[in-house]
Amino acid sequence: MQHTNSYSKIIAGTMTWGSWGKQLSKTAMVDLMNHCVSIGINTFDHADIYGDYGNESLFGEAFASSGIERSSIKLVSKCGIQMTSGRKNQVKHYQYDSDYIVWSAEESLRKLKTGYLDLFLLHRPSPLLDPEEVAKGVRLLQEQGKIKDFGVSNFTPAQIALLETTISVSANQVEYSLTHDDPMYDGTFEDCMVKKRKAMAWSPLGKFFREKDEQTARIAKIFSQLGEKYDADESQLLLAFIMKHPVGVHPVVGTTNKERLAGAAQAEKIDLELEDWFLLLEASKGHEVP
Numbered sequence: 109m110q111h112t113n114s115y116s117k118i119i120a121g122t123m124t125w126g127s128w129g130k131q132l133s134k135t136a137m138v139d140l141m142n143h144c145v146s147i148g149i150n151t152f153d154h155a156d157i158y159g160d161y162g163n164e165s166l167f168g169e170a171f172a173s174s175g176i177e178r179s180s181i182k183l184v185s186k187c188g189i190q191m192t193s194g195r196k197n198q199v200k201h202y203q204y205d206s207d208y209i210v211w212s213a214e215e216s217l218r219k220l221k222t223g224y225l226d227l228f229l230l231h232r233p234s235p236l237l238d239p240e241e242v243a244k245g246v247r248l249l250q251e252q253g254k255i256k257d258f259g260v261s262n263f264t265p266a267q268i269a270l271l272e273t274t275i276s277v278s279a280n281q282v283e284y285s286l287t288h289d290d291p292m293y294d295g296t297f298e299d300c301m302v303k304k305r306k307a308m309a310w311s312p313l314g315k316f317f318r319e320k321d322e323q324t325a326r327i328a329k330i331f332s333q334l335g336e337k338y339d340a341d342e343s344q345l346l347l348a349f350i351m352k353h354p355v356g357v358h359p360v361v362g363t364t365n366k367e368r369l370a371g372a373a374q375a376e377k378i379d380l381e382l383e384d385w386f387l388l389l390e391a392s393k394g395h396e397v398p
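Note that this note's numbering has the sequence shown beginning at 109, numbered continuously upward.
Written as structure tokens, this is what we have:
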């Protein structure tokens, strides 16, 4: 199996692999992991909370039986959200003291049956986040080789700047799609480009398949024009749109459907022409650019 030191452009999101979605069997997970690797998707995105804190264990059991070498894949996970389901919490909250950060990472390692995480993210910003506390926990994990890189998810540039008074932040995973394009305008992607952070996008297909409204109808009309030109389906065009941005975003794709995953992997090859990209932007916004 080919070894690689880089994250695949398309990332396999595991949120719906367990009880929050498809409830895949161990055999099905092994099969899906191997399929991902075979089509060039070597990166798997996790969070401690997925499946009410159960997905990582299911994935770890499957990974141990998959025959996939650890060095050939990238494992990403997140910590910080304390749920009421799956734990004895009275209220949903965020926790980022150093002891909890270390404990969370070690729990993910135990469940995933791996000695290290390639990337460890703080899942959401907390109003009570203390950068000194975060740095204390993250440094310990890095010194012990338990995490290779540290990043955040859903953080603003200002929130990252606060963190970077104590520790380097290598990635930011945010919601980004044709129908939710805030990161292009709120400084998120400029921050990633200036600081050379890895940009990852969750919900990269946006609401296109979930909702039928004027916005998605306008987009669908343009897709009917571009589909034949690029020999691409709607999902692929949605991914091609966000991957056109020079930040070099990595879409986190949540499907467990093999054909859709293969289609997503192929979308990396689609290079939308400049005017076609702006045609889609105009359709999404409902008006031409200023």
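All C-beta atoms, glycine included, are put in the ideal place defined by N, C-alpha and C.
For residue i, the three-state DSSP class (helix, strand or coil)
i, result
"residue 283", "strand"
"residue 317", "coil"
"residue 186", "strand"
"residue 153", "strand"
"residue 147", "coil"
"residue 293", "coil"
"residue 199", "coil"
"residue 343", "helix"
"residue 354", "coil"
"residue 302", "helix"
"residue 141", "helix"
"residue 207", "helix"
"residue 111", "In this prediction, residue 111 scores a pLDDT of 40, lower than 50, which makes its location untrustworthy; no coordinate-derived value is stated."
"residue 168", "helix"
"residue 259", "strand"
"residue 277", "coil"
"residue 249", "helix"
Proximity below 8 Å, CB of residue i to CB of residue j
i, j, result
"residue 260", "residue 277", "yes"
"residue 220", "residue 263", "no"
"residue 286", "residue 378", "no"
"residue 352", "residue 380", "yes"
"residue 224", "residue 253", "yes"
"residue 355", "residue 312", "no"
"residue 308", "residue 279", "yes"
"residue 346", "residue 314", "yes"
Whole-angstrom C-beta distance between residue j and residue i, which should lie under 8 Å
i, j, result
"residue 161", "residue 122", "With a Cβ gap of about 13 Å, residue 161 and residue 122 do not count as contacting."
"residue 143", "residue 369", "7 Å"
"residue 207", "residue 186", "Residue 207 to residue 186, Cβ: 17 Å. No contact."
"residue 152", "residue 181", "7 Å"
"residue 271", "residue 213", "About 16 Å separates the two Cβ atoms, so there is no contact after all."
Burial state of residue i (16 or more Cβ within 10 Å)
i, result
"residue 192", "exposed"
"residue 294", "exposed"
"residue 325", "exposed"
"residue 395", "exposed"
"residue 175", "exposed"
"residue 332", "exposed"
"residue 273", "exposed"
"residue 197", "exposed"
"residue 235", "exposed"
"residue 328", "exposed"
"residue 297", "buried"
"residue 210", "buried"
"residue 291", "buried"
"residue 116", "buried"
"residue 110", "No answer about residue 110 holds up, because its pLDDT of 39 lies below 50 and its placement is not dependable."
"residue 305", "buried"
Nearest neighbour of residue i, chosen from the options [CA to CA]
i, options, result
"residue 265", "379, 300, 145", "300"
"residue 362", "149, 115, 205, 320", "149"
"residue 49", "114, 115, 137", "Because the chain in this structure spans residues 109 to 398, residue 49 falls outside the shown range and cannot be described."
"residue 375", "360, 343, 393, 354", "343"
"residue 232", "201, 367, 391", "201"
"residue 230", "218, 314, 257, 222", "257"
"residue 341", "316, 322, 357, 291", "316"
"residue 172", "203, 184, 135, 204", "135"
"residue 303", "210, 179, 268", "268"
"residue 382", "373, 372, 334", "334"
"residue 228", "251, 238, 183, 239", "183"
"residue 205", "243, 170, 222", "243"
"residue 392", "210, 145, 288, 216", "288"
"residue 203", "321, 367, 237, 323", "237"
"residue 119", "275, 371, 323, 336", "371"
"residue 336", "139, 146, 177, 384", "384"
"residue 114", "240, 127, 226, 215", "226"
"residue 127", "145, 141, 140, 163", "163"
The ligand ADP heavy atom lying under 7 Å from the CB of residue i
i, result
"residue 263", "The ligand content of the structure shown is nil, which means the ligand ADP is not present either."
is_contact[residue i, chain C] using C-beta, thresh 8 Å
i, result
"residue 239", "Considering every chain present, this structure includes no chain C. It has just one protein chain."
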